[in-house]
Amino acid sequence: PNVVRVVKNANTLGIAIEGGANTRQPLPRIVTIQKGGSAHNCGQLKVGQIILEVNGISLRGREHKDAAKIIAEAFKTKEKDHIDFLVVD
Amino acid sequence: VRERRLTLPPSEITML
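Pasting the structure below:
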């Protein structure tokens with residue numbers, strides 16, 4: 239796994255995720271990266287990567303909605319100007 | 006393991 243730092247330099251994060259506990263995809267996977275979003279601008283996140291942690295918070299065992307909420311709040315918070323994703327291909 | 010995974014529901018997709 240490697241850590242990808244996504245700087246919040248756009249209005250949206252710009253990723254679509256699929257997966258979560260009790261589904262066929264047990265951990266959230268990136269299925270879309272939207273042009274012009276912070277993730278696209280970062281250039282290091284790729285479609286197909288699996289997100290293990292967000293800012294050190296593990297997504298293992300979390301339902302889809304819970305994982306999505308953690309990522310959304312990490313992007314919304316003003317405490318940091320970036321998000322650290324621990325991802326694996 | 007594969008059979009158990011296939012019996013699980015597909016996940017929803019969320020745009021963030």
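Chains as they are written, first to last, in the working numbering: chain A, 239 to 327; chain B, 6 to 21. Don't be surprised by glycine CBs; every beta carbon is placed ideally from N, CA and C. Predicted model, so just to flag it, every value in this text is computed and none were measured.
When burial is assigned at 16 or more other CB atoms within 10 Å of the CB, is R298 of chain A buried or exposed?
Taking the first residue of the first sequence as 1, we reach residue 298 of chain A at position 60. Exposed, because fewer than 16 other Cβ atoms sit within 10 Å of the Cβ of R298 of chain A.
Run through the DSSP bridge pairs and tell me what S320 of chain A is partnered with.
The count along the first sequence starts at 1 and reaches residue 320 of chain A at position 82. Correcting the residue type first, residue 320 of chain A is His in the shown sequence and not Ser. Paired residues: A:V245.
Shorter than 8 Å from the beta carbon of I321 of chain A to some beta carbon of chain B?
Counted from its first residue, the first sequence places residue 321 of chain A at position 83. No, its Cβ sits nowhere closer than 8 Å to a Cβ of chain B.
Return no unless some Cβ of chain A is closer than 8 Å to the Cβ of E8 of chain B.
For the purposes of this step, residue 8 of chain B is taken as the residue at position 3 of the second sequence. Judged by the 8 Å Cβ criterion, E8 of chain B is not in contact with chain A.
Chain B partners of L251 of chain A, CB-CB under 8 Å?
Indexing the first sequence from 1 puts residue 251 of chain A at position 13. Ordered by position in chain B, the residues that pass the 8 Å Cβ test against L251 of chain A are L21.
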